[in-house]
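**Q**
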Amino acid sequence: MKEDNHGYWIDQMRRISENRDEDAFVALFQHFAPRMKSFLMRSGSDNALAEEIVQDVMTTVWRKAHLFNPTRASVSTWIYTIARNRRVDLIRRQKRPEPEDLPWGPEQEPDQTDLIGLQQESEQLGVALSALPEKQRILIEKAYFGDLSHGEIAAETGLPLGTIKSRIRLALDRLRHAMS
Amino acid sequence: MIKHHLTEDLLMAYSAGALSEAFSLAVATHISLCDECRAAAESYDAVGGAVMVSTDAAPVSDSCLSNTLAAIREADTETPAPRLTDTVLPSPLAEYVGGGVDKIKWKSAGMGVKQAILPTNDDAVARLLYIPAGAAVPDHGHGGLELTCVLQGAFRDEDMRFARGDIEVATEEVDHTPIADISEDCICLAVTDAPLKFKGWLPRLAQPFLGI
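If you read the protein sequences in the order shown, they are chains A and B. Just so we're aligned, residue -13 is where the first sequence starts under my numbering, counting upward by one. Just so we're aligned, residue 1004 is where the second sequence starts under my numbering, counting upward by one.
#1: Just list the residues that DSSP pairs R1164 (chain B) with in beta bridges.
#2: Considering only residues of the same chain and omitting the five flanking positions on each side of G174 (chain A), which have a CB-CB separation below 7 Å?
#3: Give the residues of chain B in contact with G112 (chain A), contact being defined as C-beta atoms less than 8 Å apart.
#4: Below 7 Å on C-beta distance, what does L1028 (chain B) contact in chain A?
#5: Tell me the DSSP bridge mates of Y1133 (chain B)?
#6: Under the criterion of a Cβ to heavy atom distance below 7 Å, does S1035 (chain B) qualify as lining the ligand GDP?
#7: Do you know how far the Cα of L1014 (chain B) is from the Cα of K81 (chain A)?
#8: Are there 16 or more other CB atoms within 10 angstroms of the CB of Q16 (chain A), so buried, or fewer, so exposed?
#9: Of the residues that make up the stretch 61 to 87 of chain A, which ones have a beta carbon closer than 9 Å to any beta carbon in chain B?
#10: Who pairs with E1149 (chain B) in a beta bridge, going by DSSP?
#11: Does any CB atom of chain A fall closer than 8 Å to the CB of V1128 (chain B)?
#12: Give the straight-line distance between the Cα atoms of D1184 (chain B) and I1107 (chain B), rounded to the nearest whole angstrom.
#13: Kindly indicate which residue of B:K1006, B:V1050, B:M1004, B:S1035 has the alpha-carbon position closest to the one of G1020 (chain B).
#14: Find the residues of chain B that neighbour Y(-6) (chain A), judging by a C-beta separation of less than 7 Å, and give them in chain order.
#15: To which residues of the same chain is G1115 (chain B) closer than 7 Å at the C-beta, ignoring the five residues directly before and after it?
#16: When you compare the CB positions of H(-8) (chain A) and Q105 (chain A), do they come within less than 8 Å of one another, or not?
#17: Leaving out the 5 sequence neighbours to the left and right, which residues in its chain are closer than 6 Å to L115 (chain A) when beta-carbon positions are compared?
#18: Report all residues from its chain with a CB closer than 6 Å to the CB of E1149 (chain B); omit the five preceding and five following residues, and keep chain order.
#19: Under the three-state reduction of DSSP, which class applies to V1128 (chain B): helix, strand or coil?
#20: Please return the same chain residues whose Cβ sits closer than 8 Å to the Cβ of N5 (chain A), not counting the five positions on each side in sequence.
#21: To test your reading of the DSSP string, which unbroken alpha helix (DSSP H) runs of 4 or more residues are found completely within the stretch 1072 to 1116 of chain B?
#22: Is there a Cβ from chain B that is less than 8 Å from the Cβ of L145 (chain A)?
#23: Could you tell me which of A:P119, A:A34, A:V74 sits nearest to S1027 (chain B), measuring between CA atoms?
#24: Is the stretch 1086 to 1093 of chain B touching the stretch 147 to 158 of chain A, taking contact as three or more C-beta pairs under 8 Å?
#25: Is S1111 (chain B) buried or exposed, if buried means 16 or more other CB atoms sit within 10 Å of its CB?
#26: To the nearest whole angstrom, what separates the beta carbons of A34 (chain A) and D1048 (chain B), a pair I think is in contact under 8 Å?
#27: What's the gap between the Cα of R0 (chain A) and the Cα of L1096 (chain B)?
#28: Taking Cβ positions, are P20 (chain A) and A1073 (chain B) nearer each other than 8 Å?
#29: For the alpha helix (DSSP H) that Q110 (chain A) lies in, which residues bound it at each end?
#30: Leaving aside the five residues before and after I1120 (chain B) along the sequence, list all residues of the same chain whose C-beta is less than 6 Å from its C-beta, in chain order.
#31: Quick one: what does DSSP say I2 (chain A) is sitting in, helix, strand or coil?
#32: What is the DSSP secondary structure of N(-9) (chain A), reduced to helix, strand or coil?
#33: Taking the alpha-carbon positions, what's the M44 (chain A) to T1071 (chain B) distance?
#34: Who are the near neighbours of A1031 (chain B) in its chain, counting only those whose CB is closer than 6 Å to its CB and skipping five residues on each side?
#35: Between the stretch 38 to 50 of chain A and chain B, which residues of the former have a C-beta closer than 7 Å to a C-beta of the latter?
#36: Taking C-alpha atoms, which residue in A:T67, A:P56, A:D(-3) lies nearest to G103 (chain A)?
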């Protein structure tokens, strides 16, 4: 399916940034917005707030499309980081300090090998995540869905803290193994 | 060469947006100086992206799309202003200070030690500490987690040395008395769960014992 192909979304981003192509933007919206909304609602936002954040994030995607660098992150990772920051900003009313930018040459053409490597890794990561045993996958999801610490995850799932930590570690080890 | 890194727990929590502002500042400061932890944080972001797209889609209202289309037709590209930089303070810190080291509003904490509390909107406290060469960090009480990232000079704690970029992850069980290297005044960022309570007498007591 073209939606699972990271290269397809990189092409849509290029059409947005170079041609200001609204059709490409609508395609991106239709794929990412419902997933982002669901992610935000599972993180505790209500329907109206989730849609407000989706609208903000997708508008930022349009405005900052020229800053997207396909050798640094996949489109889903890039959109995720924008959504995460907006969530911290709106729900917690806190800033999220970001690391200093690396000194990139702005004129640098993306290296094709890096680009393909990152696309393949992103695809592998998606497959590896869905292949995790359900209990491990749920814990990884919970860690990303909310302002849940390991302690709070324990309270919600009724699992002891040590088990949570070792399951998350196991899940991350499996993901790493699947990537290498 | 960075020797002391962030834990996996902290990197994942930062990537998930689960850390409070003050702790995020310590993580962002370390990542600014540590390529290894930057790469790790970016892989946790990739996990976050994969989790987001694997979530079952929720129907989005038609007005959400039409409002977004109206918004993008109003606003075109946006290029953020260049970030503040400084030779001692990485961008995330420079932004809180409003410039470089000369802009830090130090307040004396006694014994030549100075501190500046940074404005973060949470219960944890982020402070810059200035410790004269060879002095002990004033003993302080803290409840939970303490992250200390070195920006200039170095300090020793037990048999470990922390230099620029290194981060010490200490919990309440850790009984530590960091001492600044003799060679240079030390500046570090310290973030704690609860407000620190300096006890002025301890550095005075400790110094003769430590032969400073």
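C-beta: ideal position from N, C-alpha, C; glycine also.
**A** Taking the structure as given:
#1: B:R1159
#2: Residue numbering for chain A in the displayed model covers -13 to 166; residue 174 (chain A) lies beyond these limits and cannot be assessed.
#3: A1053, V1056, S1057
#4: P83
#5: B:K1117, B:I1190
#6: This structure lacks the ligand GDP, and indeed carries no ligand of any kind.
#7: 17 Å
#8: exposed
#9: So the close ones are V61, S62, T63, W64, I65, Y66, T67, A69, R70, N71, R73, V74, R78, R79, Q80, K81, R82, P83, E84, P85, E86, D87.
#10: Per DSSP, the beta-bridge partners of E1149 (chain B) are B:A1173, B:T1195.
#11: no
#12: 22 Å
#13: B:V1050
#14: Neighbours of Y(-6) (chain A) on chain B: none; closest Cβ ~13 Å, over 7 Å.
#15: P1135, A1138
#16: yes
#17: none
#18: A1173, T1195
#19: strand
#20: Within the same chain, N5 (chain A) has no close Cβ partners at all.
#21: 1094 to 1100
#22: When Cβ-Cβ separations below 8 Å define contact, L145 (chain A) makes no contact with chain B.
#23: A:V74
#24: no
#25: exposed
#26: Not really, about 27 Å apart at Cβ, beyond 8 Å.
#27: 33 Å
#28: no
#29: 98 to 117
#30: R1130
#31: The answer is helix: DSSP assigns I2 (chain A) an H, G or I state.
#32: In this structure, N(-9) (chain A) counts as coil in the three-state DSSP scheme.
#33: 7 Å
#34: P1095
#35: Those would be V40, Q41, M44, T45, W48, R49, K50, in chain order.
#36: A:P56
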